[in-house]
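What follows is a set of notes on a single structure, which appears directly below.
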Amino acid sequence: MLASVLLLVAMNAAVPQAAGPLEIRIVYDNVSARSDMHADWGFAALVTLDGRRVLFDTGTKADLFMENLKKLGTDPASIEHIVISHDHGDHTGGIASLTARNPRIRVHMPEARQGPFELVPGVYSTGPIEGQPREQALVIETPKGLVILTGCSHPGLVKIVETAEKQRGANSVRLLLGGFHLLQQTQEQIAATIARLKQLKVAAAVPTHCSGDLAIKLFREAFPAAPPGAGAHIVLH
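Numbered according to the numbering used here, the sequence shown spans residues -6 to 230.
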């Protein structure tokens, strides 16, 4: 009888618990997906996985950022970590206002770490990736591939994806979302980036913020994607 109980416990322990859906809400972007959300140059996205919340960047204007966060029904006390992609004002504007309302929140600047690290189970920073300036991306592991969030992709979009896949031992990206920083690139250069991302098995892409109108158009033609904009809500099971 005891042996049977021990076997049952061992079998139950070996079966992973089902994870809840991954939710991504765009808090701050150049355009708005909802009429009640402020649109402004900058970027911020809120990641929720299994009840744990990580904020990626904080937009430009603190008041607009905090208003958008409130309109999304997000309690600042529910956010455990802020990951700042890079130290530019259009990504750091809301830090002080948010930490004033939640002093326990942990802020992770790219200069503070040397390598990748886990924030909450399944959610990682790449650590700083060399570029002008250095930048970190947010990576979430899902059963169907990685989800990667980028701030401005100054080190290069392809370099960020290659780094994330190598770090996590993955060979596919379910979703790539954020600022792609292709606004000064030609159609041929953007097409080459898209071709390389397809080689890296990027399945879907949502260009936002500094991606540029031409890049947004070409990416929408090349990849299935949800609409960008402040207030956009993406749920992945």
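Each residue gets a CB set at the ideal place from its N, CA and C atoms; glycine is no exception.
Enumerate in chain order the residues of its own chain whose CB-to-CB distance from residue i is below 8 Å, with the five nearest sequence positions on each side excluded.
| i | result |
| --- | --- |
| ALA157 | THR119, ALA130, VAL132, LEU139, ILE141, ALA163, VAL166 |
| ILE153 | THR119, ILE122, GLU128, ALA130, ILE141, THR143, SER146 |
| SER204 | GLY172, PHE173, HIS174, LEU175, LEU176, PHE212 |
| GLY124 | HIS147, PRO148, GLY149, LYS152 |
What residues in its chain sit with their C-beta under 6 Å from that of residue i, if we drop five residues either side in the sequence?
| i | result |
| --- | --- |
| PHE49 | ALA38, VAL76, LEU131, LEU142 |
| LEU169 | ILE141, VAL195, ALA198 |
| LEU57 | HIS31, ASP33 |
| GLU16 | THR41, VAL228 |
| ALA225 | ILE19, ALA26 |
| VAL113 | ARG45 |
For residue i, does the three-state DSSP call read helix, strand or coil?
| i | result |
| --- | --- |
| SER118 | strand |
| HIS79 | coil |
| ARG99 | strand |
| ILE133 | strand |
| LEU193 | coil |
| ASP202 | Note that residue 202 is His in the sequence shown here, rather than Asp. DSSP places HIS202 in helix when its eight states are reduced to three. |
| LEU65 | coil |
| GLU73 | coil |
| ALA214 | Reading off the sequence, residue 214 comes out as Glu, not Ala. Note: GLU214 maps to helix in three-state DSSP. |
| VAL24 | coil |
| HIS230 | coil |
| ALA208 | helix |
| PHE110 | strand |
| ALA291 | The structure shown does not extend to residue 291, since the chain is modelled only from -6 through 230, so no value can be given for it. |
| LEU150 | helix |
| LEU48 | strand |
| THR143 | strand |
| GLU123 | coil |
| THR41 | strand |
| LEU175 | coil |
Can you round the beta-carbon distance between residue i and residue j to whole angstroms, since I take them to be within the 8 Å contact cut?
| i | j | result |
| --- | --- | --- |
| GLY86 | LYS64 | Going by Cβ atoms, the distance from GLY86 to LYS64 rounds to 17 Å, so no, they are not a contact pair. |
| ILE209 | PRO220 | ILE209 to PRO220, Cβ: 11 Å. No contact. |
| ASP22 | HIS230 | With 8 Å as the limit, ASP22 and HIS230 do not qualify as a contact, their Cβ atoms being about 24 Å apart. |
| GLU134 | ARG161 | 6 Å |
Could you check whether residue j and residue i sit closer than 8 Å to each other, using their CB atoms as the reference points?
| i | j | result |
| --- | --- | --- |
| GLY222 | VAL100 | no |
| HIS79 | PRO14 | no |
| ALA218 | ILE187 | no |
| GLU73 | ARG46 | yes |
| THR51 | ILE98 | no |
Answer yes or no: does any C-beta atom of chain C fall closer than 8 Å to that of residue i?
| i | result |
| --- | --- |
| LYS63 | Given the protein chain composition of this structure (a single chain), no chain C is represented. |
Does the segment 95 to 110 come within contact of the segment 24 to 35, defined as at least 3 CB pairs closer than 8 Å? no
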